[in-house]
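Chemist: Here our numbering is used: position 32 in the sequence shown is 32, and no number is missing along the way. No residue lacks a Cβ here, since even glycine has one placed at the ideal position from N, Cα and C.
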Amino acid sequence: MNNYVQGDVIRCCTPDISHLISEGYYPVDMHLHTNHSDGMTKISDLLTYAKKRNIGVAITDHNEISGSLDALSHSSDVLVIPGIELETEEGPHLLFYFYSSGDMEDFFKIFSQKRVEYSPGLLQNLPVMECLHLAEPFDCLRIAAHPYGYYGINRGVLKCVEKKMIPSVLSHIDGIEVICGGMIRSLNQKAITYAQNHIIPFTGGSDAHILSDVGNVVTAVQADSTDEFLDGIRKRKNIVIGKPGSYLAKGATAGVIAWSFVPYSATRLLAHYSVHKRRMSHRISSCRGRFCENLSGEKEEKSEER
């Protein structure tokens, strides 16, 4: 075993699922994406694959819970942790894990409404602190995804805190993701070291966007239910085992993500066009109205002069 934290074990190697199960642990991939956001995997295929591999899953689609809800309604043989990954205005990604699907749905309703209020029609991302505050009333775990990611892109909380891009939000975060399958080893090691030094809860997940990557990183707890599993993470009684994917796998995943954003970008462009079209129409109507009022006023003045 390579790295220890009191009550926890972190191992940078391929998970031995059979051994974990024989030791009484339930291994769960805590970070993955489906075709409900920017992944390629269908829910039915994911559940079949997870059952075959004897692992649980937390579906953390970007700003979306429909895939998680779909899996929860068809997951009698697989432990599904209700979850979501939120993108933020400043750049970092945040993972939220809920004890119940009801809490996840209630949170998502509030989150969706806040996005509408924050940028009507444009669905821009909320600030980091706003996302964290929205989750405070709910029984959930707030985890910083790939906290030092990525090279050249600010997608990690710890990276942005170090660069003084955002105020320190760490007191509002329950833990960090120490092994992310999408990160290179050195960035995962930085996260592991941070968790060791600060003795905080941590998780790990593949960040899979294609089915074959699911289960490459797992978080394992001696638990049989969502409540027991998340409590185990809170108490730092979990194990995280896994390693980053190969550069070839990362390249394939990057292609999948890029391609998946084509329709997403088109939708966003149409949304922007629609909003600005309405705004311009409103301005034109307002100007036309004022012009007509002025013209009418001038006619009345001339009439009175006569």
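My guess is that V57 and L32 are in contact by the Cβ rule of under 8 Å, so how many angstroms apart are they, rounded?
Modeler: Indeed, because the Cβ distance is near 6 Å, the residues count as touching under 8 Å.
Chemist: Say whether chain B places a C-beta atom closer than 8 Å to the C-beta of D61.
Modeler: Looking at the structure shown, chain B is missing, and only one protein chain is on hand.
Chemist: If you count every other CB in all the chains shown that lies within 10 Å of the CB of D16, and 16 or more means buried, which is it?
Modeler: exposed
Chemist: Please report the Cβ distance between L141 and R234, rounded to the nearest whole angstrom; I am assuming they are in contact, meaning their Cβ atoms lie under 8 Å.
Modeler: That pair is a contact at about 7 Å.
Chemist: Under 8 Å, with one C-beta from each stretch per pair, do the region 161–177 and the region 134–148 reach the 3-pair mark?
Modeler: yes
Chemist: Taking 8 Å as the limit between beta carbons, can you name the residues of its chain near R185, skipping five residues before and five after?
Modeler: C12, K243, P244
Chemist: Here's the rule I'm using: 16 or more other beta-carbon atoms within 10 Å means buried, otherwise exposed. How should G67 be labelled?
Modeler: buried
Chemist: Below 7 Å CB to CB, which residues in the same chain sit around E87 once its five sequence neighbours on both sides are set aside?
Modeler: H62, N63, H93, N125
Chemist: Excluding the five sequence neighbours on either side, which residues of its own chain have a C-beta within less than 6 Å of the C-beta of S101, listed in chain order?
Modeler: L72, P82
Chemist: According to the neighbour-count rule (16 or more other Cβ atoms, all chains shown, within 10 Å of its Cβ), is V116 buried or exposed?
Modeler: By the neighbour-count rule (16 or more Cβ atoms within 10 Å), V116 is not buried but exposed.
Chemist: Does F108 come out as helix, strand or coil in the three-state DSSP assignment?
Modeler: Secondary structure of F108 (DSSP, three-state): helix.
Chemist: Counting pairs of beta carbons, one from the region 188–204 and one from the region 217–226, are three or more of them closer than 8 Å?
Modeler: yes
Chemist: Rounded to the nearest angstrom, how far is the Cβ of L134 from that of K114, given a contact under 8 Å?
Modeler: 7 Å
Chemist: To the nearest angstrom, how far is the alpha carbon of A223 from that of G156?
Modeler: 29 Å
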